[in-house]
Amino acid sequence: MGQQLINSQPTDIIYYLNNTVALFPNALAVVDSNELSLTYQELSNAADRIATSLHQHHVVSGDRVGILMHKTSLTLASIFGVLRLGAAYVPVDAESTTTRAATIFNNCSVQAILTTSELAKTLIASEPQFKSRIIIIQEKRINQSNDLLDYPTVDPTQDDIDAYPHYPSELNRLAYILYTSGSTGVPKGVEITHANAISFIEWASSTFAITKHDHVSSHAPFHFDLSIFDIYVAIKHGACIHLIDSDIAASPRHLAAFISNREITVWYSAPAILGMLAEHFQRLSTPPPQNKLRLVLFAGEVFPIAKLRLLMHHWPAPNYYNLYGPTETNVCTFYPVPSNIPESRINPLPIGFPCKHCEAIIIDEQEHRIVPHGETGLLCITGPSVTDNYWNSPEQMAAKVVWLEGKRWYNTGDRVRFSDKEGFIFLGRNDRMIKRLGYRIELDEIEKILTTHPDLMECAVVSQTIHSNTRIYAFIVAKTAQASSLNLHQHCHNHLARYMLPDLFHYLDSIPRTSTGKTDYKKLEVLCLTIDL
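Residue numbers (UniProt numbering): 1 to 533.
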């Protein structure tokens, strides 16, 4: 069961829930879009019930547990149920395909999968090998379909709580794995230990002064690293988390009402939705709904300066921060946004200075030496929040590691230069990894999936960013007429996350090549400019 006030310093991330339960058991912990709310005591009890079931299904410390659920209060309880057993949670996108979920679950050999009856039915239909690992999480008042009655079901709101083992806290134990797009065409699992997560959580807590009176939005899905702030920084301080599910996550009108009605004080998301909110407010004939926002954080991609300026015009009260960091480091640099951005500024904001728990250097792209002050190079990060490995892929991590000055640095692959006044200035990616909607996407992964289509001869995938709008173009050499845009789109939809789907399929007689026989991506990028979507 949940332990009480075990240490003055956290030794794992379940500490944050245990400590807050002891301090504020009756405070509201989470409210989801279905209005299911849990106090901190209820959240802790729900986690215990899930931990009980996982223990009964032979999950032990160090195991991985998949989470395939829509974003609800019970999903949050599932995360903490996994952590209570000393296991690591592996969240996947419930809005994506079961094929992608299966790839991830197979890659990290999950011992169990927490899901709902609806999603279980879909998963089992396409991936029957997971039958023995399914545990259904839902309230018993919700009827299951008859073909799922044989699967173990946990009602986190009212089942009995039985004893389960409590494993000693270990800072270096795996806490969760977040999968990002992989350069080999296979999703890449970023291993995050309790020590990695705590380093970021403690920095964010001291920097942004969250309190028990805050209402914190949770816009990012749980498989996206922005969710770590939403969950753990809020829970550390006894704040209330307001979960935003996919039904309203992309709707500016609904989000504006949500922020107002829920009295949200802290917002964190990718810039894209904030830009959509700004444009929505601009179209209104009346002022936007009043809100209580005091803090607006954004990360994941460049925020177009005109849209940010517009948002700050409609929301003048909050303090704004631009946060930067890949999943492998979480936030490692940040920039407090000035209250007045000059109209003359057309360049995006800088990504700022290193967080206190991180160090940063810029290295030469070829020789991997530290560049002279003011020169452009690749941003490298070291510190306790930096991951040690990708799951089952040490060679991929080795390719990202640079040893300099006796320290291990993670090469982000982002091109930057340093300004004494503004810190690091982001100049773009150095490879074929792009960012869209806050997500990192390996274009090679899309290519690999396309090449599995039986009616394709060749393909190449590139992207173009125009006016901060990133589009993905797939160039196709078809074998037969069956390789229609509709068929290719469905093929991609079956294997890729939604945010990775190409915007356009363009047919060619052949893929252009360089003099060395390699795909000429630069020529294709130029060709994109002549194509109308």
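From the three backbone atoms N, C-alpha and C, an ideal C-beta is built for every residue, glycine too.
Anyone know if the C-beta pair for residue i and residue j falls short of 7 Å?
i    : j    : result
P338 : H314 : no
S175 : A204 : Inspection of the sequence shows that residue 175 is occupied by Ala rather than by Ser. Their beta carbons are not under 7 Å apart, which means A175 does not touch A204 by this criterion.
L255 : A278 : no
P350 : I449 : no
I241 : V216 : yes
E95  : S246 : yes
F303 : Y321 : no
G383 : E359 : yes
P318 : V296 : yes
L38  : V30  : yes
G325 : F24  : no
V416 : H368 : no
A102 : E127 : yes
T116 : M69  : yes
I476 : Y439 : no
Y232 : I201 : yes
E365 : L378 : yes
W391 : I210 : no
R173 : C108 : no
Excluding the 5 residues preceding and the 5 following residue i in the sequence, name in chain order all residues of the same chain whose CB lies nearer than 7 Å to its CB.
i    : result
I434 : I441, L443, S463, T470
R262 : H215, H242
N389 : E191, M397
S169 : T11, D12
F208 : L295
E328 : V190, V386, T387, Y410
M1   : Caution applies to M1, whose pLDDT of 46 falls short of 50 and renders its modelled position unreliable; the value that the coordinates give is listed next. Hits under 7 Å: D48, I161.
T52  : I161, D162, Y164
R408 : T382, V401
Kindly give me the distance between the Cβ atoms of residue i and residue j, rounded to whole angstroms, as I take these residues to be in contact under 8 Å.
i    : j    : result
S61  : L83  : 10 Å between Cβ atoms; not a contact.
I341 : F418 : 21 Å between Cβ atoms; not a contact.
F222 : T75  : 7 Å
G300 : L226 : 7 Å
I124 : K131 : 6 Å
A250 : I273 : 7 Å
T480 : D455 : 5 Å
L284 : W267 : About 19 Å separates the two Cβ atoms, so there is no contact after all.
I531 : T519 : The pair is not a contact, with the Cβ atoms about 17 Å apart (cut-off 8 Å).
Where do the ends of the alpha helix (DSSP H) carrying residue i lie?
i    : result
A360 : Where A360 is concerned, there is no enclosing alpha helix (DSSP H), although the beta strand (DSSP E) it sits in stretches over 359 to 363.
S246 : 246 to 249
S96  : Taken as a continuous stretch (DSSP letters only), S96 belongs to no alpha helix (DSSP H), as it is neither H nor E.
G81  : 73 to 84
A47  : 40 to 56
H491 : 485 to 495
N322 : Looking at the DSSP string, N322 is not in any alpha helix (DSSP H); the run it does join, the beta strand (DSSP E), is 319 to 324.
Y15  : 14 to 23
V526 : 521 to 528
E447 : 443 to 451
I231 : Segment: none, I231 is in no alpha helix (DSSP H) and carries neither H nor E.
I511 : Run containing I511: none; DSSP gives neither H nor E here.
Could you pull out every residue in the same chain whose Cβ sits closer than 6 Å to the Cβ of residue i, ignoring the five residues on either side in sequence?
i    : result
Y179 : I104, P187, G189
S66  : At residue 66 the sequence reads Gly, which differs from the Ser that was named. For G66, where only same-chain residues beyond five positions count, the Cβ hits under 6 Å are V90, F105, V110, I113.
L488 : F505
E139 : D155, T157
A47  : A77, F80, G81, R84
G352 : T333, F334, Y335, G423
D431 : G413
T72  : D32
I134 : I113, A120, Y151
Quick one: what's got a C-beta closer than 8 Å to residue i's C-beta in the same chain, skipping five residues either side?
i    : result
I446 : V461, I472, A474, C492, L496, M500, P502
E343 : R309
Q290 : S260
R100 : V92, D93, P187, H495, L496, A497
G428 : D414, R415
So residue i is in the beta strand (DSSP E); what residue range does that whole segment cover?
i           : result
P342        : Element bounds for P342: n/a, residue is neither H nor E.
T465        : 456 to 466
T470        : 469 to 478
H242        : 240 to 243
residue 543 : For the chain, the structure presents residues 1 to 533; residue 543 sits outside this window and is missing.
M433        : 433 to 436
A88         : 88 to 91
R429        : 423 to 429
I67         : 64 to 68
A112        : 112 to 115
L295        : 295 to 298
Any heavy atom of the ligand NAP closer than 6 Å to the CB of residue i?
i    : result
A204 : Because no ligand of any kind appears in the structure shown, any question about the ligand NAP cannot be addressed here.
Could you check whether the Cβ of residue i sits closer than 7 Å to any Cβ belonging to chain C?
i    : result
A239 : Absent from the structure: chain C. Only one protein chain is present.
**Q.** Ranges of the alpha helix (DSSP H) found wholly within the region 135 to 223, counting only runs of at least 4
**A.** Those alpha helix (DSSP H) runs which fall completely within the region 135 to 223 and span 4+ residues are 194 to 208.
Q: Scan the region 345 to 409 and note each continuous alpha helix (DSSP H) run of 4 residues or more that stays entirely inside, going in chain order.
A: Listed in chain order, they are 394 to 398.
Q: Scan the region 253 to 284 and note each continuous beta strand (DSSP E) run of 3 residues or more that stays entirely inside, going in chain order.
A: Taking only runs of at least 3 residues, the beta strand (DSSP E) segments lying wholly in the region 253 to 284 are 266 to 269.
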